[in-house]
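Per this note's numbering, residue 251 is the first one in the sequence shown, and the count goes up by one each step.
By construction, the Cβ of each residue, glycine as well, lies at the ideal position given by its N, Cα and C atoms.
A quick note: this is a predicted structure, and the numbers were derived from the prediction, not measured.
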Amino acid sequence: MNIRLALAFAILACTLPVLAEPPSATPAPSSPRGEPNLLSAYERKVLAKEMKTLSDEIRSARKSASEDPSLAPLKEALDAAKQTKDAEKVKAARRALSDAAETLLYKQDGLPEKIKRLLDVGNLLRYDTPNQREKRRQNRTVVHANPFPAASTNAPAEPAAPPSM
């Protein structure tokens, strides 16, 4: 009889919301709107202009590198490889032409820095979007400061001076 009474009480306790224990008060994760924007509208506008300028400069440098007369023998070798229809020769000729053009591109004055800056600006603009904020909220990752401090200015970051005594 006691078993029946205990079983009935257990079933009743599970089914009645009045008898159920209230959920514990856990802090709600911060909303995507709660996280501050990493970039202001002005910074976003300036970085977008800089990104366009850098893209145009790199595009023109890439075009001038591909039209360099020193690549003519490699282009002829690629055409000859295409005539033979040997896939390995075509692949090797394309790789040689691509490597030579890339070498010429990176030898242009200041271009490696421009490419690096373009990647930094692109990452910064891509990092601070509503979708990224929502992903960070779901992963419970909180961003308090600029994740790319060197990318926010044109000057490289300087190391902190040691404290003097």
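Original post:
Do S310 and A351 come within 8 Å of each other at the CB atom, strictly closer than that value?
Top reply: At least 8 Å separates the beta-carbon of A351 from that of S310.
Subject >> With 16 other Cβ atoms within 10 Å as the buried cut-off, status of L355 >> reply: In summary, L355 is buried, with 16 or more beta-carbon neighbours lying within 10 Å of its beta-carbon over all protein chains present.
Subject >> Start-end ranges of the alpha helix (DSSP H) lying completely within the region 328 to 397, minimum 4 residues >> reply: 337 to 357, 361 to 377 and 380 to 388, all fully within the region 328 to 397.
Original post:
Beta-carbon separation of L304 and L375 under 8 Å?
Top reply: Their beta carbons are not under 8 Å apart, which means L304 does not touch L375 by this criterion.
Original post:
Of the residues R294, P362, A322 and Q358, which one's Cα is nearest the Cα of V371?
Top reply: For the residues R294, P362, A322 and Q358, the minimum Cα distance to V371 belongs to R294.
Original post:
What separation, rounded to the nearest whole angstrom, lies between the Cα atoms of Q388 and I308?
Top reply: C-alpha of Q388 to C-alpha of I308: approximately 37 Å in a straight line.
**OP:** Kindly indicate which three-state DSSP category D306 falls into: helix, strand or coil?
**Re:** Residue state, collapsed to three classes: helix.
**OP:** Let me know if A337 comes out buried or exposed under the rule of 16 or more other beta-carbons within 10 Å of its beta-carbon.
**Re:** Counting every other CB atom within 10 Å of its CB across the protein chains shown gives A337 a total below 16, marking it as exposed.
Subject >> Closest residue to R312 among P380, P362 and K341 (Cα-Cα distance) >> reply: It is P362 whose Cα lies nearest to the Cα of R312.
**OP:** Leaving aside the five residues before and after L297 along the sequence, list all residues of the same chain whose C-beta is less than 8 Å from its C-beta, in chain order.
**Re:** Contacts found: L289, V371, L374 and L375.
Subject >> Reduced DSSP secondary structure (H/G/I, E/B, other) of L324 >> reply: In the structure shown, L324 falls within a helical segment according to DSSP collapsed to helix, strand and coil.
Original post:
Does the beta-carbon distance from A342 to L324 come in below 8 Å?
Top reply: The Cβ atoms of A342 and L324 do not sit closer than 8 Å to each other.
**OP:** Determine the direct distance from the alpha carbon of K339 to that of K332, and round the result to whole angstroms.
**Re:** Each residue's alpha carbon lies about 8 Å from the other.
**OP:** Could you have a look at E293 and say whether DSSP puts it in helix, strand or coil?
**Re:** In the three-state reduction of the DSSP assignment, E293 falls in the helix class.
Subject >> Inter-residue Cα distance where the pair is S348 and L328 >> reply: Distance between the alpha carbons of S348 and L328: 11 Å.
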